[in-house]
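S.K.: Structure provided below as structure tokens; questions to follow.
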Amino acid sequence: MFEKIKKIYGNRSFPPRLFWFLFVIFIINAAGIVFHWYMKFFWFDMVTHTLGGLWTGSAVVWFLGFVDDKEKAVSAKEIFFISLAVVACIGLLWEIYEVAVDTLIKLFAYDAIDGLSDLFFDLLGASFAAGYALWLRATRLA
145 MFEKIKKIYG NRSFPPRLFW FLFVIFIINA AGIVFHWYMK FFWFDMVTHT LGGLWTGSAV
205 VWFLGFVDDK EKAVSAKEIF FISLAVVACI GLLWEIYEVA VDTLIKLFAY DAIDGLSDLF
265 FDLLGASFAA GYALWLRATR LA
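This note's numbering applies: residue 145 is where the sequence shown begins, and numbers increase by one.
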């Protein structure tokens with residue numbers, strides 16, 4: 145499978161739109177920390193996790209070689225499930241990091257419901273990215 149990905153990926157440069165989207169997420173997150181929006185608005189964490197999942201899912205779709213050529217294109221199932229799997233792994237690693245930090249500094253008690261909510265919104269964002277990419281591919285290749 146990695147040979148297939150490498151063959152598809154080639155020497156393409158990272159899309160500027162994805163870079164700028166990541167920068168916007170960074171600014172939103174920084175503002176949320178500085179202005180305490182994570183504490184003031186219960187839903188702010190949901191928005192940032194959805195955006196993070198959307199960005200990561202989009203990056204995975206780009207990496208998998210989302211192309212117009214039917215011969216080179218990764219299958220729709222592969223795009224969708226690999227995107228979700230990568231986002232789930234990154235989200236899970238982030239939750240493990242949060243547990244470790246919360247345990248070490250004992251600032252907040254870790255909340256399993258919050259962790260599950262974070263993973264859900266990560267996957268929701270990835271689903272949006274993969275679904276949109278598959279819809280674009282279907283309309284372009286039809």
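Even for Gly, the Cβ is constructed at its ideal location relative to N, Cα and C.
Note down the Cα distance separating Phe-207 from Gly-201, rounded to an integer number of angstroms.
M.R.: 10 Å
S.K.: When you compare each of Leu-228, Ile-249, Ser-219, Arg-161 to Thr-194 by their alpha carbons, which one comes out closest?
M.R.: The shortest C-alpha separation from Thr-194 is found at Leu-228.
S.K.: Determine, using beta carbons only, whether Leu-198 and Gly-235 come nearer to each other than 8 Å.
M.R.: no
S.K.: Going by C-alpha to C-alpha distance, which of Leu-248, Ile-240, Met-183, Ala-274 sits closest to Ser-219?
M.R.: Ala-274
S.K.: Here's the rule I'm using: 16 or more other beta-carbon atoms within 10 Å means buried, otherwise exposed. How should Ile-226 be labelled?
M.R.: buried
S.K.: Along the chain, where does the alpha helix (DSSP H) that runs through Gly-209 open and close?
M.R.: Per DSSP, Gly-209 belongs to no alpha helix (DSSP H) and is neither H nor E.
S.K.: Report the three-state DSSP secondary structure of Thr-261 (helix, strand or coil).
M.R.: Reading the sequence as shown, one finds Ser at residue 261 and not Thr. If DSSP states are grouped into helix, strand and coil, Ser-261 belongs with the helices.
S.K.: Below 8 Å CB to CB, which residues in the same chain sit around Ala-175 once its five sequence neighbours on both sides are set aside?
M.R.: Its chain contains Trp-181 as the residues whose beta carbon lies nearer than 8 Å to that of Ala-175, once the 5 sequence neighbours on both sides are disregarded; these appear in chain order.
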